[in-house]
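Accompanying notes for the structure given below.
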Amino acid sequence: MAITNEKDRKASRDERGKDMIVKVPVFIALAMIIPFLPGRIMKLRKKCDLVGDRKRTLITVISESVFLVSNLFLLLREDDLVNFVLLSSILMLSAVVVIVDTRCRIIPNLCLFPMLLIAAGYLVYNMLRGAEWVNIPYSIISMLMMCFGLITLTNVLRFRGYLGAGDIKYCAVAAFLFTFSQRIVGMLICTVLSMVLYLIPMFLAKKITMKSLIAFGPFIGFGVMGGICWQYLPAAVFMG
Numbered sequence: 247m248a249i250t251n252e253k254d255r256k257a258s259r260d261e262r263g264k265d266m267i268v269k270v271p272v273f274i275a276l277a278m279i280i281p282f283l284p285g286r287i288m289k290l291r292k293k294c295d296l297v298g299d300r301k302r303t304l305i306t307v308i309s310e311s312v313f314l315v316s317n318l319f320l321l322l323r324e325d326d327l328v329n330f331v332l333l334s335s336i337l338m339l340s341a342v343v344v345i346v347d348t349r350c351r352i353i354p355n356l357c358l359f360p361m362l363l364i365a366a367g368y369l370v371y372n373m374l375r376g377a378e379w380v381n382i383p384y385s386i387i388s389m390l391m392m393c394f395g396l397i398t399l400t401n402v403l404r405f406r407g408y409l410g411a412g413d414i415k416y417c418a419v420a421a422f423l424f425t426f427s428q429r430i431v432g433m434l435i436c437t438v439l440s441m442v443l444y445l446i447p448m449f450l451a452k453k454i455t456m457k458s459l460i461a462f463g464p465f466i467g468f469g470v471m472g473g474i475c476w477q478y479l480p481a482a483v484f485m486g
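Using my numbering, you'd call the opening residue of the sequence shown number 247 and step up by one each time.
If you want it as structure tokens, here you go:
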């Protein structure tokens, strides 16, 4: 029995080693795409920057950093190669959405439609593998509740930055991905946390007011990125 277990562990290590040969190049390639894709999308959509060079550089660095941390976490925790590639692609597109929405106040369909296809593929793939999942209507209701909550918050605080059609479509895309309930919780927590981390310092520094135009796409984007990693946290905390 001990010999069999040792062989199984060795086979598992060999398999992970082979997967790393694919995972690492994917990790690097997606990280290299992030700084360049937003500009290409904006040029294609004929959109101009609404922010200065300093803010543009800052949001690119922040988005790239969040992507690197979340994707590295995914690299170490996700054993299935297909899941890693699919989720990494969504992380990359989410980082691009954060940058584009900050720079020109749009969430491009050029990011949303690929994300929808990837998320649907991820859902089908894991259903075929027998993974536990919450039914799709429940997930869609959860996302609609999140949209309602954000709309209510913006109205109560009287922000000019209402949720637009792009934000709603982004949440609809997330509904396909976050069919797993723990990820819905993770997305909500990370979305609210990113809002708090941005809004409170900006209010205290008097750089924004209740009448300031706020882009909500970045908050949703960071929420999606955090939600993807959320389901791996118990394993990371309790298994060392």
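Beta carbons are placed, not taken as given, at the ideal position from N, Cα and C, and that holds for glycine.
The beta carbon of Tyr478 lies closer than 6 angstroms to those of Arg323 in the same chain, with the five residues before and after it left out.
Separation of the CB atoms of Leu276 and Met471 is rounded to 12 angstroms, and the pair is thereby denied contact status at 8 angstroms.
Remark: C-beta atoms of Gly463 and Gly412 approach each other more closely than 8 angstroms. In the three-state scheme derived from DSSP, where H, G and I count as helix and E and B as strand, Glu324 is classed as coil. A straight line joining the alpha-carbon of Leu290 with that of Pro354 spans about 10 angstroms. Fewer than three Cβ pairs drawn from the region 360-370 and the region 310-320 lie within less than 8 angstroms of each other, which leaves the two stretches out of contact. DSSP places Phe424 in the coil class of the three-state scheme, outside both helix and strand. With 16 or more neighbouring CB atoms inside 10 Å of its own CB, Phe422 falls in the buried class.
Separation of the CB atoms of Arg349 and Asp299 is rounded to 11 angstroms, and the pair is thereby denied contact status at 8 angstroms. Across the structure, Ile446 and Asp265 are spaced so that their CA atoms are roughly 42 angstroms apart. For Lys289, the enclosing alpha helix (DSSP H) has its first and last residue at Leu283 to Leu290.
The straight-line gap separating the alpha-carbon atoms of Ala451 and Val342 is approximately 27 angstroms.
Here Ala366 carries a helix assignment [DSSP, helix/strand/coil]. Ile352 is positioned such that its CB atom lies no closer than 8 angstroms to that of Val344. Of the candidates Pro281, Ile279, Val297 and Phe359, the residue whose Cα lies closest to the Cα of Ala418 is Phe359.
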